[in-house]
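Numbering (my numbering), first residue to last: 11 to 415. A virtual CB, placed ideally from N, CA and C, is assigned to each residue, including glycine. Note that the coordinates shown come from a computational prediction; the quantities given were computed from them, not determined experimentally.
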C-alpha cells in the first residue's frame, strides 16, 4: 500500500521489500526479495515502462513485476479513476481473474433486452453472471495490487514521446511527477483508444469508434439485479442504451455512432416510466470513445507494443474490453519477460507482438454481426414483426452469454 496516498504525484516509492532492481538487470522474486538473474546489453532505468494505468496497463505491469522485471507505470491522471471512461461491467471470466473485493462489485444475474416499444426478452443462464463495479474503487484496488507485486506507479505524469529509439529508450514526460532521463528497454502503450504511444511510433490508430456517455443516478432499492439494454435507433444508433443497478449508483448510458449527438437526457426521459429517474439526483457524468474496428494490424514495433483499447483489443460486437485487457495485458507481460530474458529478437526470441498476434482471436463472426447491426434494420424488423422474438432471443443469448475469448 502506498504510504503517500492516492493523490501523491509520484506514486509509490520503492522500499526494501518493494524496490526496483539495479539498472540494466532483470530479476526474479525469491522469498519476498528481488534477485538479479541477468544483465541487459544497454543500461536502462527500467526493463519495462507501461503508459496508462487502466485495466490493460495494470494487468501487464503486475504480471511483468511478478516475472521479475523492473517496471514503471505512467498515468496522466492525478489519481486512480479520476476520470472514468468505462461502464466497469465485468463478465464472469474477468471477475474471476481480477478477484475484486465484494465491497466493490454487485452481481447481475439477468439481462433484459428491450425493443423501441419497450417490449423485452429476459435472459438468464445458470451459473453465469456479470458484475457491476465501483470502477474507481476497483482501479485503486488494482493499483495497490500492482504496487505490491513490485511495480512502481506514478500519477500526474503524461507521456509526451521518446527522445530516441536507439539504445535504452529515453522517454519525454511532463507533469509534476515527471522524472528526468527515464529510460527503458521496452515500452507498452496502454493509453486508450487515442494512444499517444501509437502516434509517437507511427503505429496504426483506431478509426472506427463509438461514442459513449453515462450518468450515475442516486440508487433505488427496487432496482434489482438486472442489466437493462435498449435497442433505440433514435437515441443510440449503432449500439444500445442501458440502465444498470451499480455499486452505490444506478448507471444510465448510451453508446452510439461518434458522429451522432448523444442525448442522454432524452433517453432518461424515455425510460423514466420504468425506473423513476426524474426523481433522482445525477451524481456523476462521464464519457469516452470505444474502438470497434478490431485489433489494429500494426500494433507493435521493435521495442514497443500496444495493448487494450490502444490496440483495438475490444469486441467489435459487444464493445466489451475489460476481459481482453486482462488476458492480453498479462500475455504481453509474459512475452516481454521471455523476450528480454532471451536476449531479444537478435538472439532469436520471438517478438512479444508476434506472440500476442498469434493468440488474439480473429472475431470473424463478431465482425460480421457488427456489420449486420450497423447495416440491417434490426429495430424496424422487430417492430414490423419481420424478426421473430424467438430468433431475437437466440441472437441476444449469443451476444450476452458467449464465453469471452
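Practice task
In angstroms with no decimal places, state the Cα-to-Cα distance between residue 96 and residue 300.
Solution key: As a working note, residue 96 is residue 86 in the chain shown. As a working note, residue 300 is residue 290 in the chain shown. Cα to Cα, residue 96 sits roughly 9 angstroms from residue 300.
Handout entry: Best match in 232, 57, 207, 141 for proximity to residue 170 [C-alpha to C-alpha]
Key = Translated into the one-based positions of the chain shown, residue 170 becomes position 160. Considering only alpha carbons, the answer is 207.
Exercise for the section: Identify the continuous beta strand (DSSP E) that holds residue 242 and give its terminal residues. Expected result: In the chain shown, counting from the first residue as 1, residue 242 sits at position 232. Looking at the DSSP string, residue 242 is not in any beta strand (DSSP E), and its letter there is neither H nor E.
Problem - Burial state of residue 278 (16 or more Cβ within 10 Å) - result: For the purposes of this step, residue 278 is taken as residue 268 along the chain shown, with counting starting at 1. Classification for residue 278: buried.
Practice task
Report the residue from 219, 274, 107, 132 whose alpha carbon sits nearest the alpha carbon of residue 304.
Solution key: In the chain shown, residue 304 corresponds to position 294, counting from 1. Nearest of 219, 274, 107, 132 to residue 304, Cα basis: 219.
Handout entry: With 16 other Cβ atoms within 10 Å as the buried cut-off, status of residue 79
Key = To locate residue 79, count along the chain shown from 1; it is residue 69. Looking at its Cβ environment, which holds 16 or more other Cβ atoms inside 10 Å, residue 79 is buried.
Practice task
In angstroms with no decimal places, state the Cα-to-Cα distance between residue 265 and residue 194.
Solution key: Numbered from its first residue, the chain shown carries residue 265 at position 255. Numbered from its first residue, the chain shown carries residue 194 at position 184. Roughly 37 angstroms between the two C-alpha positions.
Handout entry: Identified DSSP bridge partners for residue 247
Key = Within the chain shown, residue 247 is the residue found at index 237, counting from 1. According to DSSP, which records beta bridges pairwise, residue 247 is partnered with nothing at all.
Handout entry: Cβ-based burial, residue 90 [other Cβ within 10 Å; buried from 16]
Key = In the chain shown, counting from the first residue as 1, residue 90 sits at position 80. Burial call: buried.
Handout entry: Close-in-space but distant-in-sequence residues of the same chain around residue 410 (CB under 7 angstroms, 5 per side omitted)
Key = If you number the chain shown from 1, residue 410 lands on position 400. Answer for residue 410: 121, 133, listed in chain order.
Practice task
Output the boundary residues of the beta strand (DSSP E) element that contains residue 76.
Solution key: For this step, residue 76 is matched to residue 66 along the chain shown. Segment 65-76 is the alpha helix (DSSP H) holding residue 76; no beta strand (DSSP E) there.
Exercise for the section: With DSSP as the reference, label residue 138 as helix, strand or coil. Expected result: In the chain shown, residue 138 corresponds to position 128, counting from 1. Coil.
Practice task
State yes or no: is the C-beta of residue 320 within less than 8 angstroms of the C-beta of residue 161?
Solution key: Residue mapping note: residue 320 aligns to position 310 of the chain shown, counting from 1. Residue mapping note: residue 161 aligns to position 151 of the chain shown, counting from 1. Cβ atoms of residue 320 and residue 161: not closer than 8 angstroms.
Exercise for the section: For residue 344, name the three-state secondary structure that DSSP assigns. Expected result: Translated into positions along the chain shown, residue 344 becomes position 334. Reduced to three states, the DSSP call for residue 344 is helix.
Handout entry: Expected contact under 8 angstroms - CB spacing of residue 345 and residue 66 to nearest Å
Key = By one-based count along the chain shown, residue 345 stands at place 335. By one-based count along the chain shown, residue 66 stands at place 56. The Cβ separation is near 14 angstroms, so there is no contact.
Practice task
Just mark residue 135 as buried or exposed, buried being the case when its beta carbon has 16 or more other beta carbons within 10 Å.
Solution key: On the chain shown, position 125 is the one that residue 135 refers to. Exposed, by the Cβ-count rule.
Practice task
Whole angstroms is fine: what's the gap from residue 248's alpha carbon to residue 123's?
Solution key: Here residue 248 is taken as the residue at index 238 of the chain shown, counted from 1. Here residue 123 is taken as the residue at index 113 of the chain shown, counted from 1. Using only the alpha carbons, I get a separation of about 15 angstroms.
Handout entry: Own chain, CB closer than 8 angstroms to residue 270, minus 5 neighbours either side, in chain order
Key = Translated into positions along the chain shown, residue 270 becomes position 260. Correct list, in chain order: 221, 247, 248.
Practice task
Report the rounded CA-to-CA distance for residue 185 versus residue 309, giving the unit in angstroms.
Solution key: For this step, residue 185 is matched to residue 175 along the chain shown. For this step, residue 309 is matched to residue 299 along the chain shown. Each residue's alpha carbon lies about 27 angstroms from the other.
Problem - Span separating the alpha-carbon of residue 58 from that of residue 74 - result: As a position in the chain shown, residue 58 is number 48, starting the count at 1. As a position in the chain shown, residue 74 is number 64, starting the count at 1. When rounded, the distance between both Cα atoms is 8 angstroms.
Problem - Separation of residue 255 from residue 232, as counted between CA atoms - result: Counting from 1 along the chain shown, the entry for residue 232 is found at position 222. Counting from 1 along the chain shown, the entry for residue 255 is found at position 245. Residue 232 and residue 255 have their C-alpha atoms spaced approximately 9 angstroms apart.
Problem - With 16 other Cβ atoms within 10 Å as the buried cut-off, status of residue 164 - result: For the purposes of this step, residue 164 is taken as residue 154 along the chain shown, with counting starting at 1. It counts as buried.
Problem - Whole-angstrom distance between residue 154 and residue 102, CA atom to CA atom - result: If you number the chain shown from 1, residue 102 lands on position 92. If you number the chain shown from 1, residue 154 lands on position 144. So the two alpha carbons sit approximately 22 angstroms from each other.
Handout entry: Environment of residue 8 [buried if 16+ CB atoms lie within 10 Å]
Key = Past the boundaries of the shown model lies residue 8; the chain is included only from 11 to 415, so the question cannot be answered.
Practice task
Using beta-carbon positions only, say whether residue 115 and residue 81 come within less than 8 angstroms of one another.
Solution key: Locating residue 115 in the chain shown gives position 105, where the first residue counts as 1. Locating residue 81 in the chain shown gives position 71, where the first residue counts as 1. Cβ atoms of residue 115 and residue 81: not closer than 8 angstroms.
Problem - First through last residue of the beta strand (DSSP E) which encompasses residue 122 - result: As a working mapping, residue 122 is identified with position 112 in the chain shown. Looking at the DSSP string, the run of the beta strand (DSSP E) that includes residue 122 is 120-124.
Handout entry: Buried versus exposed call for residue 182 [16 or more other C-beta atoms within 10 Å across all chains shown]
Key = As a working mapping, residue 182 is identified with position 172 in the chain shown. Flag for residue 182 reads exposed.
Exercise for the section: Measure the CB-CB distance between residue 242 and residue 126 and report whether it falls below 8 angstroms. Expected result: Looking up residue 242 in the chain shown gives position 232. Looking up residue 126 in the chain shown gives position 116. Cβ atoms of residue 242 and residue 126: closer than 8 angstroms.
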